[in-house]
Each structure stands twice: as structure tokens, then as C-alpha cells.
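Here is the structure we will look at.
There are 2 protein chains.
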Amino acid sequence: MTEQSFPLPWRYEVRLSGLGGQGLMLAGRLLAEAAVHYDGKYATQTQSYGPESRGGDSRSDVVISDQPIDYPHVIKADLIVAMSQMAMDRNFYTLKHNGILIVDEDMVEHIPTTMAYIAPITRLAQETVGRAVVANVVALGVVVSLCEVVSRQAITNAVLNGVPAGTEILNRRALEEGFRLGEQLRR
Amino acid sequence: MTEQSFPLPWRYEVRLSGLGGQGLMLAGRLLAEAAVHYDGKYATQTQSYGPESRGGDSRSDVVISDQPIDYPHVIKADLIVAMSQMAMDRNFYTLKHNGILIVDEDMVEHIPTTMAYIAPITRLAQETVGRAVVANVVALGVVVSLCEVVSRQAITNAVLNGVPAGTEILNRRALEEGFRLGEQLRR
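Sequence lines, in order, name chains V and L. Counting along the first sequence from 1, when you hit position 60 you're at 60 in our numbering, and nothing is skipped either side. Counting along the second sequence from 1, when you hit position 134 you're at 1134 in our numbering, and nothing is skipped either side.
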């Protein structure tokens, strides 16, 4: 998919789902900021929190459009990332027909479809970058590589500006590992 | 209003509206985090961005409930903060009947109702705390003082943990000025 293939006006809905503590809210914000600050689009980002936060159900929704967004809720997701079994089970039916499903290989055992990109996101963060905590940014790299809803330059800028000072190099590596993983999955 | 007066199950919708650069997205996140991490509630927070971000229309919606939130969109706001004329004009009709309207005195000229709390939020941030940039946290103080949807302790903890390192003292003062302003307005 190239950027030119989006119909106009277009609206693209992304849901990042998993466990509290996986950094998916930050990832959603970074994706929205990439779209807005570096690609000149409109975006909304919704995060849901519960008292169980860390380790509990976590969800970050991003809607990106070329026009102001009246309805910031995900209706049928164009792309879902599932980084836990509960996230997989709860959100699968929100995926659009022919939508993109990205599943963390080591976090989800049962996948209710064969049409999924099964990606070792957390393992790659741990083994290649050396820090499981950057799995969220690896996931962002995979997302952008597969759907191109924002440019690689935009997401790179958003990540470098949005992560805690001192972690830029680590997160840049995580993002690039994600791009590479996405390219492998497309083949 | 005391916390006991909320019916169960309850849902409380807050819209913080104004200009990009006023820090309302951070304020919304802090309010949601106060509800969840320190008061044991559920919350969602939605931010809308546009390419004109800084200086353009900006909106942060927070929904707080004692139960998981299926629908994170503001339907009819229980409380609106308007920190620009455009925000006032666009969002007034979203306010619930008998909802709480808080208006920044120096940022809004025309207020379409007499039932508003007119508060010198930005001026207080500038003159009393010495930094207009903490107007967002002054606004949070006014909000919590007037609606008590989260406890003062919860919002204080969320602010101290969520603002950039080194700005805690400044933001604590801003929050307390907001509490005080809210108390004056209730009289």
C-alpha cells in the first residue's frame, strides 16, 4: 500500500491492545503525533485505563484522517495489534474485513484466523535491542512498515521527540527492528 | 457535591477545550490518571490533534466511571472548560443541562450564558505562579475543586508524577492556586 492508494477523504483506525505496562498508550500517542506534526494529517488518540492498569487489559485507539475527526471512536479497525491473549480475544471482532492483524507471537497462543501477521515483537525487543520495554516501539515499526498510514520519517521524528530523554538511541533501534520485521512479514 | 452524591453506576464526562499549546492534553491525561491510579476508578482520555496544533483548536475529553467504559466519547459533558473563544463557541452546546461551565476570563469575550464560572485561569498562572504555561494545571485545580470527580490528593499525586521532572514545585503551586480559585467561585 502506498500513501497514494488512500481514497480521499480517508479515515484509518488503529487499535493497539495488550496489557497495562506494555507502553501501548505512549505508542498510540506517538503514532497520532507522527500523523499530525510530521505528516500534516488530523488524528485522535483515545486511551482507556482501569484500576488494574499494570498487567490488566490495555487499549489505545488512534484515528487518522486527512480531515478533522468528529468521531474519535474506533468503529471497525483497519489495523489491530494484539499483544496479549485477552486483547486478541476481545478485539478480534472489531477488525475490518481484510483489515491487518498483527499478533505478538509469544504473548498470544490462540489466534482465531490464519490471516494474521505473527510477529515476535516482545522477543525481538528483548533479544535484539536488549530491552523488552521497547516492544511498544518495535510494534510501531511493524505497524508503519505494514500499513504506511504515516511515513517512516514521521514516526521516527515522533519517537525521537516523544520518548524519555536518554532513551532515543535505544528506541530508534527498536523502531528500525520493527520496520525490518514488518518487511519480512510482507513477503 | 461530595463523592457520595454520585449515583451508582455513574459516568462523568469532562471536556477541556482551548488552543493547542495550552497543555490541555496533558491536563486530560493527568485527570484520567488521578481517577485510575489514585482513586480506583475507570477512565478514558481522548485527544484530538490537527495540523495547526499550536494555536489551533484543541480538545481533550475525559470520561470517568466506577465501571469499565465501553463508550469513551463525550455525549453530553458534565463539565466543560473553555480556554478560547472558539472553544467556547464550538463546545457550549455539548454541555449537559445544569452542567458546570468554566471559562477563562481573559481568553473568552462572549459567553452565551450567565450560568458560568468565569475564572482568571491564565492570568493567575502568569501573575501568581509566574508562568502562563501552568494555566493547564491551574484549570485542573479549578475543575477538581468545583466537581470533586477525583479527590484533591489523587490529582495532586497525578500532577506530581506526570509533569516534567524539575517542574513539580511550580505545578503544585499552580494546582493549589486552582483549588483556591475554585473555592472562591463556589461561594
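From the three backbone atoms N, C-alpha and C, an ideal C-beta is built for every residue, glycine too.
| Start-end ranges of the beta strand (DSSP E) lying completely within the stretch 1-84 of chain V, minimum 3 residues | Within the stretch 1-84 of chain V, the complete beta strand (DSSP E) runs of at least 3 residues are 11-19, 42-49, 57-65 and 77-82.
| query | Looking only at DSSP bridge pairs, what is V:Tyr-93 linked to? | reply | Beta-bridge pairing links V:Tyr-93 to no other residue.
| query | Closest to L:His-1073 by CA distance: which of L:Ala-1082, L:Asn-1171 and L:Ala-1043 is it? | reply | L:Ala-1043
| message | For a contact defined as C-beta to C-beta under 7 Å, what are the partners of L:Val-1036 on chain V? | response | Tyr-49, Gly-50, Pro-51 and Ser-53
| field | L:Leu-1019 classed as buried or exposed, judged by whether at least 16 other C-beta atoms fall within 10 angstroms | value | buried
| said: Strictly under 9 Å for the Cβ-Cβ distance: is L:Gln-1153 near chain V by that measure? | reply: Taking CB atoms only, L:Gln-1153 has no neighbour in chain V less than 9 Å away.
| request: State yes or no: is the beta carbon of V:Lys-41 nearer than 9 Å to at least one beta carbon in chain L? | output: yes
| Considering only residues of the same chain and omitting the five flanking positions on each side of V:Met-1, which have a CB-CB separation below 8 Å? | For V:Met-1, the predicted structure reports a pLDDT of 41, less than 50, and the residue's modelled location is therefore unreliable. The matter cannot be settled from this model.
| Per-residue contacts from V:Gln-45 into chain L (C-beta, under 8 Å) | Thr-1046, Gln-1047 and Tyr-1049
| Is the Cβ of V:Leu-16 closer than 9 Å to any Cβ of chain L? | Under the Cβ criterion of 9 Å, V:Leu-16 is not counted among the residues facing chain L.
| task | Just the C-alpha distance for L:Ile-1169 and L:Ile-1111, rounded to the nearest angstrom, thanks. | result | 33 Å
| field | Local Cβ density within 10 Å of V:Tyr-49, reported as buried at 16 or more and exposed below that | value | buried
| With 16 as the cutoff for other CB atoms within 10 Å, does V:Met-115 come out buried or exposed? | exposed
| Can you find a CB in chain L that lies within less than 9 Å of the CB of V:Pro-72? | yes
| query | From the DSSP output, which residues share a beta bridge with L:Ala-1119? | reply | L:Asp-1104
| request: Pick helix, strand or coil for V:Gly-99, following the three-state DSSP scheme. | output: Three-state result, V:Gly-99: strand.
| Beta-carbon separation of L:Gly-1023 and L:Asn-1136 under 9 Å? | yes
| Taking 9 Å as the CB-CB limit, is V:Ile-69 close to chain L? | yes
| Using 8 Å as the threshold, is the stretch 57-71 of chain V in touch with the stretch 171-186 of chain V, meaning 3 or more CB pairs across them? | Between the stretch 57-71 of chain V and the stretch 171-186 of chain V there are fewer than three inter-stretch CB-CB distances shorter than 8 Å, so the stretches are not counted as touching.
| query | When Cβ atoms are compared, which residues of the stretch 1074-1087 of chain L fall closer than 9 Å to chain V? | reply | none
| query | Does the count of Cβ pairs from the stretch 1151-1164 of chain L and the stretch 1115-1130 of chain L closer than 8 Å reach three? | reply | no
| Sequence-distant residues of its chain with Cβ nearer than 6 Å to V:Asp-104 (five each side left out) | Met-83, Ile-121 and Thr-122
| task | Check the Cβ-Cβ distances between L:Ala-1027 and every residue of chain V, and say whether any is below 9 Å. | result | no
| By a C-beta neighbour count over all protein chains shown, 10 Å radius and 16 as the cutoff for buried, is V:Arg-187 buried or exposed? | exposed
| message | Let me make sure I understand the geometry here. Which of L:Val-1143, L:Asn-1171 and L:Asp-1039 has the alpha-carbon closest to that of L:Val-1129? | response | The residue with the shortest Cα to Cα distance from L:Val-1129 is L:Asn-1171.
| request: With distances taken Cα to Cα, identify the nearest neighbour of V:Leu-26 among V:Val-144, V:Val-163 and V:Val-143. | output: V:Val-163
| request: Report yes if the CB atom of V:Val-143 is closer than 9 Å to the CB atom of V:Gly-99, and no otherwise. | output: no
| Three-state secondary structure assigned by DSSP to L:Arg-1172 | helix
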